[in-house]
Amino acid sequence: MRRMKTFVSCLIIFALLCTFVFTDSFFKGESIARLLEMAEALPEDDESFENNKEELSEKAEKIYSLWKKSRKKLEYVASYALIEAADEAMGELYGAYKANDADGFLPAAVKFRDSLERLAVLFGVSFQSLA
Numbered sequence: 799m800r801r802m803k804t805f806v807s808c809l810i811i812f813a814l815l816c817t818f819v820f821t822d823s824f825f826k827g828e829s830i831a832r833l834l835e836m837a838e839a840l841p842e843d844d845e846s847f848e849n850n851k852e853e854l855s856e857k858a859e860k861i862y863s864l865w866k867k868s869r870k871k872l873e874y875v876a877s878y879a880l881i882e883a884a885d886e887a888m889g890e891l892y893g894a895y896k897a898n899d900a901d902g903f904l905p906a907a908v909k910f911r912d913s914l915e916r917l918a919v920l921f922g923v924s925f926q927s928l929a
């Protein structure tokens, strides 16, 4: 009888642990998906960059703010190399936006999107993320 109680206790603890891990991964995945959606809405050519300054300003500030919040949460569970790549790209992107430099902004936006896509694979539920 005592072994049964121990076994049931272990199952309950395991179920709680699995629930926490999946819930945490889900919310982090949603955060990355939101960032990726915002990054995909950034300008992709010089003309879009130059013609939509007001809209770009709003988008760049929002994505920078959300990245700063998300980065702290991701540091504990994601590869430092992936986070550092995304953080470096965000720094370049934000700096180029502030300097009004389309030549620096556009490649940084592509690098940031790529980094987010890699993080999304890590937090997504798929066989690819388990490898």
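Each residue of the sequence shown is one higher than the one before, starting from 799 at the first, in our numbering. We put the beta carbon where it would ideally sit given N, CA and C, even for glycine. These figures come from a predicted structure and were not determined experimentally.
Outcome for residue i when other beta-carbon atoms lying within 10 angstroms are tallied against a minimum of 16
{"i": "residue 911", "result": "buried"}
{"i": "residue 872", "result": "buried"}
{"i": "residue 868", "result": "buried"}
{"i": "residue 811", "result": "exposed"}
{"i": "residue 820", "result": "exposed"}
{"i": "residue 878", "result": "exposed"}
Integer-rounded CB distance, given that residue j should sit under 8 Å from residue i
{"i": "residue 880", "j": "residue 913", "result": "7 Å"}
{"i": "residue 888", "j": "residue 860", "result": "Not quite, the Cβ-Cβ distance comes to about 12 Å (not below 8 Å), so this is no contact."}
Distance between residue j and residue i (C-alpha atoms, nearest Å)
{"i": "residue 858", "j": "residue 901", "result": "16 Å"}
{"i": "residue 927", "j": "residue 917", "result": "Any reading at residue 927 must be qualified, since the residue scores a pLDDT of 49, below 50, and its modelled position is unreliable; no value is offered."}
{"i": "residue 808", "j": "residue 802", "result": "10 Å"}
{"i": "residue 897", "j": "residue 845", "result": "17 Å"}
{"i": "residue 833", "j": "residue 893", "result": "18 Å"}
{"i": "residue 824", "j": "residue 848", "result": "37 Å"}
{"i": "residue 817", "j": "residue 899", "result": "45 Å"}
{"i": "residue 850", "j": "residue 815", "result": "47 Å"}
{"i": "residue 842", "j": "residue 904", "result": "6 Å"}
Check: Fully enclosed by the stretch 809–867, which beta strand (DSSP E) runs are 3 residues long or longer?
Finding: none
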